[in-house]
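Shown next, in structure tokens, is the structure this report addresses.
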Amino acid sequence: MDIFLQQIINGLVQGSIYALVALGYTMVYGIMGLINFAHGEVVMIGTLVSITVTSTLAAAGVPLGLAGLGGLIAAMLVCMALGWSLERIAYRPLRGSPRLTPLITAIGMSIVLQNLAMIIWGRNYLTFPPLLPKVNFEFAGAHFTLVQVAIVLLSAAMMGGLVFLVYRTKLGMAMRATAQNPAVASLLGVNTNRVIAAAFVVGSALAAVAGVMVGSYYEIAHYQMGFMLGLKAFTAAVLGGIGNLAGAMAGGVLLGIIEALGAGYIGDFTGGFLGSHYQDIFAFVVLIIVLMFKPSGLFGEKTGDRA
Amino acid sequence: MSDVLLAANAVAKHFGGVKALRDVSLSIRRGEIYGLIGPNGAGKTTFFNCMTGLYIPDGGGFVFDGQPLKADAPHQAAERGIARTFQNIRLFGNMTALENVMVGRHVRTAAGVVGAMLQSKATRAEEAAIRQKAMELLHYVRIEDRADDLAKNLSYGDQRRLEIARALATEPKLLCLDEPAAGMNATETGELRALIEGIRQDGTTVLLIEHDVKLVMGLCDRVAVLDYGALVIEDVPAVVQKDQRVIEAYLGA
Chain E
91 MDIFLQQIIN GLVQGSIYAL VALGYTMVYG IMGLINFAHG EVVMIGTLVS
141 ITVTSTLAAA GVPLGLAGLG GLIAAMLVCM ALGWSLERIA YRPLRGSPRL
191 TPLITAIGMS IVLQNLAMII WGRNYLTFPP LLPKVNFEFA GAHFTLVQVA
241 IVLLSAAMMG GLVFLVYRTK LGMAMRATAQ NPAVASLLGV NTNRVIAAAF
291 VVGSALAAVA GVMVGSYYEI AHYQMGFMLG LKAFTAAVLG GIGNLAGAMA
341 GGVLLGIIEA LGAGYIGDFT GGFLGSHYQD IFAFVVLIIV LMFKPSGLFG
391 EKTGDRA
Chain W
143 MSDVLLAANA VAKHFGGVKA LRDVSLSIRR GEIYGLIGPN GAGKTTFFNC
193 MTGLYIPDGG GFVFDGQPLK ADAPHQAAER GIARTFQNIR LFGNMTALEN
243 VMVGRHVRTA AGVVGAMLQS KATRAEEAAI RQKAMELLHY VRIEDRADDL
293 AKNLSYGDQR RLEIARALAT EPKLLCLDEP AAGMNATETG ELRALIEGIR
343 QDGTTVLLIE HDVKLVMGLC DRVAVLDYGA LVIEDVPAVV QKDQRVIEAY
393 LGA
């Protein structure tokens, strides 16, 4: 039973990160029907920027907690600018072109960003400075750390903020209106270009936070780290029903837990033939099952006109 | 300030070989209810779409309130003061009636993306004002008791009213109604008529596309007739009704 609870906790932590990244996919898809495959790379840039800024500040004598906060803010600003630029440079010129075109562009941007990061930060693994003291907690035989608690709480706060933004503010209303009918929204005076840009900027801010979380959780970062994370978060978004905010959150957490349980028990199930490093297969088995049996996802509505 | 609010100058629109609009010129005066009628496929909705920037005209253009209207800029048409409803109702179905109207306030309010994220005091005050104004508009079209219902769950007549409230939320100088009476019974049409007259009374010019000839002739100050994309006549209802070409267009003689 210990391992079960332990894996639920681990899955919840990982799942919170997936959820934050999945929200970025789902917001952009909901508004313009595009899968922004470069989104995982935005997370990676967030992690690497925060490493650089945090280490530089720490080396200059700033206390580590404050340096970490500086790194987080810097990562958010850089990622927001990056998200805005991606939309402006790569996607807006392709508005109205066949659906496959921006998708290919997204994959292209993903490659560009990876290589850019490799040139700036090098090919080696970078260590992420430990931002929080290593405090351990124990609950019913399961262990967890302060970092894990912080990740879950901060993601919950970010998601709460996003829900507030989308359902309680003027911008959010414009986003939902644009998602439902861009032509009518623009006739009512909504500048849909700005709304779409805002979706990219907000999604990228969440990605930056997720990036800092991934960094401080695994304490390691690399220019290719965004690829797999992006695919997993995309899977989470599809699992929840892409285009649906609640779906992305639930899908993220659920995927994290499925993966953690899978990793925890795969050894037992296969008599030790497969180890926990095969955990990645669970995410993609989930993706395949969802696409086969319920392509609209757990919370998704029928998207006949979008699919 | 000129007497003419909207002037169309030789507006042309082709779809492939089909000439949907053939050099249509007409002018709508401030404060009038102007009717645009014609048989199915005459080009009425195409005219609307060109005017509101959904289509780019192939020739000619519009002058609105003394300034040319920019083609291909729907949100600027709204800013300049043109609002419209749709023949086939196009509400934001998954948003509440109140939210639908609030979206329409967008163009008349200032707070931008940054304000929304930081939730400054000014932004919050503005959002409260938007909500207030939207409620008033729902009251104006008499569906305030449906404010918190999703638009898709409203009755057909109420959806038509909601579309009008949403268009009015942009504080238009010119309100364009695309077949607002379609599918309405006699009572509803009567209520709609009173609503449109009230809107004009409150100072908004109304452009009405309608199939219901009786409604148009009874309500409008002037009427234009389109047939096969060309303007047949533009005059007061009494003259239009007796015009031989109009009778032919409608009877297909």
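Chain order of the listed sequences is E and W.
Whatever position you read off the first sequence (first residue = 1), add 90 for our numbering.
Whatever position you read off the second sequence (first residue = 1), add 142 for our numbering.
Glycine included, each C-beta is placed from N, C-alpha and C at the ideal position.
In DSSP terms, what residue i is bridged to
i         : result
Pro210(W) : Val205(W)
Cys318(W) : Arg226(W) and Leu349(W)
Arg364(W) : Tyr176(W)
His156(W) : Lys161(W)
Asp166(W) : Checking the displayed sequence, the identity of residue 166(W) turns out to be Val instead of Asp. Answer by DSSP bridge pairing, in chain order: Val153(W).
Phe234(E) : Phe227(E)
Ile272(W) : Paired residues: none, contrary to the question.
Glu221(W) : According to DSSP, which records beta bridges pairwise, Glu221(W) is partnered with nothing at all.
Asp369(W) : Ala372(W)
Thr217(E) : Ile310(E)
Leu292(W) : Thr238(W)
Val146(W) : Arg171(W)
Asp377(W) : Val365(W)
Classification of residue i by the beta-carbon crowding that lies within 10 angstroms, buried from 16 upward
i         : result
Tyr313(E) : buried
Met382(E) : exposed
Leu190(E) : exposed
Phe324(E) : buried
Phe374(E) : exposed
Gln238(E) : buried
Glu390(W) : exposed
Val225(E) : exposed
Ala309(W) : buried
Lys155(W) : buried
Thr195(E) : buried
Leu156(E) : exposed
Ser187(E) : exposed
Residue i to residue j span [Cα, whole Å]
i         : j         : result
Asp200(W) : Met303(E) : 54 Å
Asp165(W) : Gly158(W) : 16 Å
Glu268(W) : Gly101(E) : 42 Å
Met332(E) : Gln96(E)  : The sequence shown places Ile at residue 332(E), not Met. Spanning the two alpha carbons is a distance of roughly 29 Å.
Gly173(E) : Ser145(E) : 24 Å
Arg247(W) : Met277(W) : 11 Å
Glu333(W) : Lys161(W) : 36 Å
Val378(W) : Leu168(W) : 13 Å
Phe389(E) : Ala340(E) : 9 Å
Phe229(E) : Leu236(E) : 13 Å
Ala225(W) : Ala307(W) : 10 Å
Gly195(W) : Pro216(W) : 5 Å
Met263(E) : Val374(W) : 43 Å
Asn236(W) : Ala219(W) : 25 Å
Thr217(E) : Ile231(W) : 57 Å
Leu147(W) : Gly223(W) : 10 Å
Glu376(W) : Gly180(W) : 12 Å
Ile163(E) : Arg284(E) : 23 Å
Ala353(E) : Gly387(E) : 23 Å
Gly345(W) : Lys315(W) : 8 Å
Leu279(W) : Gly212(E) : 59 Å
Phe254(E) : Met244(W) : 16 Å
Pro295(E) : Pro153(E) : Note that residue 295(E) is Ala in the sequence shown here, rather than Pro. Those two C-alpha atoms are separated by around 24 Å.
Gly293(E) : Leu167(E) : 12 Å
Tyr298(W) : Lys275(W) : 23 Å
Asp385(W) : Glu339(W) : 26 Å
Lys356(W) : Ala326(E) : 57 Å
Gly161(E) : Asp290(W) : 43 Å
Ile210(E) : Ile198(W) : 46 Å
Candidates the options, of which the one nearest residue i by Cα
i         : options                                       : result
Thr104(W) : Ile389(W), Ala380(W), Gln386(W) and Glu321(W) : Past the edges of chain W, shown from 143 to 395, lies residue 104(W), and the structure says nothing about it.
Ala165(E) : Gly341(E), Ala300(E) and Ala373(E)            : Ala300(E)
Glu121(W) : Val249(W), Phe206(W) and Leu233(W)            : Absent from the model: residue 121(W). The displayed extent of chain W is 143 to 395, so no value can be given.
Ile379(E) : Gly231(E), Leu345(E) and His129(E)            : Leu345(E)
Asp145(W) : Ala154(W), Arg172(W) and Arg335(W)            : Arg172(W)
Ile286(E) : Leu278(E), Ser306(E), Leu277(E) and Leu261(E) : Leu261(E)
Ile98(E)  : Ile371(E), Met170(E) and Ile348(E)            : Ile348(E)
Lys322(E) : Ala148(E), Val274(E), Tyr307(E) and Val376(E) : Val376(E)
Phe228(W) : Asp354(W), Leu304(W) and Val358(W)            : Leu304(W)
Val382(W) : Ala372(W), Val365(W) and Asp369(W)            : Val365(W)
Leu337(W) : Glu241(W), Val367(W) and Asp300(W)            : Asp300(W)
Any non-hydrogen atom of the ligand MN within 7 Å of residue i CB
i         : result
Lys260(E) : Within the structure as shown, the ligand MN is missing, as the structure has no ligands at all.
Test: residue i CB closer than 8 Å to a CB of chain A
i         : result
Val253(E) : Chain labels in this structure do not include chain A; the protein chains are E and W.
Practice task
Inspect the CB distances between the stretch 358-377 of chain E and the stretch 113-125 of chain E and report whether three or more fall short of 8 Å.
Solution key: no
Would you call the stretch 98-117 of chain E and the stretch 237-245 of chain E touching, i.e. three or more CB-CB distances under 8 Å?
Because the criterion of three Cβ pairs below 8 Å is met, the stretch 98-117 of chain E and the stretch 237-245 of chain E touch.
*Cβ pair count under 8 Å reaching 3, the stretch 346-361 of chain W against the stretch 174-187 of chain W*: yes
Three Cβ pairs or more, each shorter than 8 Å: is that satisfied between the stretch 173-187 of chain E and the stretch 256-274 of chain E?
no
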